[in-house]
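> Input: one structure, supplied below.
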Amino acid sequence: MMDRIKDYSIIELILNEGALVSSIAVWEMAIKNGLGRMPLPTSQIAEQIESQGFQWLNITPRHTQAIMELPTHHKVPFDRLLIAQEKYESLRVITYDSIFKNYLNDALIIKK
0 MMDRIKDYSI IELILNEGAL VSSIAVWEMA IKNGLGRMPL PTSQIAEQIE
50 SQGFQWLNIT PRHTQAIMEL PTHHKVPFDR LLIAQEKYES LRVITYDSIF
100 KNYLNDALII KK
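Residue numbers (numbering that gives the first Met the number 0): 0 to 111.
Here it is in structure tokens:
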């Protein structure tokens, strides 16, 4: 994950403040990989994430319930759950997807 980030200020922020990875991300990657839409260097996604020092943010019923409070700017279920999770936990998200700015004012958008 970290090797794909080219913005060194984002890497520094993650290293200095720590970061959580949502289990939703692994779920999405595994599904997209199974459909042939996301090649992965390994099937050991969780182990790779953990080896880079990230901690987990697991999905709770409150996170899924928070989806009902979101406007429908975006219809992708994985992203909607991530957004609801970040809002519920009052966390700051780092993403490549600029649509997150429609929901989370302080989202950090990584340039590809």
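Positions of the beta carbon are idealized from the N, C-alpha and C atoms, including for glycine.
Which residue marks the beginning of the alpha helix (DSSP H) containing Ser50, and which one marks its end?
The sequence position of residue 50 within the sequence shown is 51, counting from 1. Note, Ser50: alpha helix (DSSP H), 44-50.
> What's the C-alpha gap between Ile66 and Trp55?
As a first step, residue 66 must be located in the sequence shown, where it is residue number 67. As a first step, residue 55 must be located in the sequence shown, where it is residue number 56. Roughly 20 Å between the two C-alpha positions.
> Could you tell me whether the stretch 20-27 touches the stretch 78-94, where touching means 3 or more Cβ pairs closer than 8 Å?
Cβ pair count under 8 Å is three or more, so yes.
> Once you ignore the five residues that flank Glu27 on each side, which residues in its own chain have a CB closer than 8 Å to its CB?
Sequence index remark: in the sequence shown, residue 27 carries index 28 (1-based). Correct list, in chain order: Phe77.
> Does Ser89 come out as helix, strand or coil in the three-state DSSP assignment?
Working through the sequence shown from its first residue, we reach residue 89 at position 90. Coil, per DSSP.
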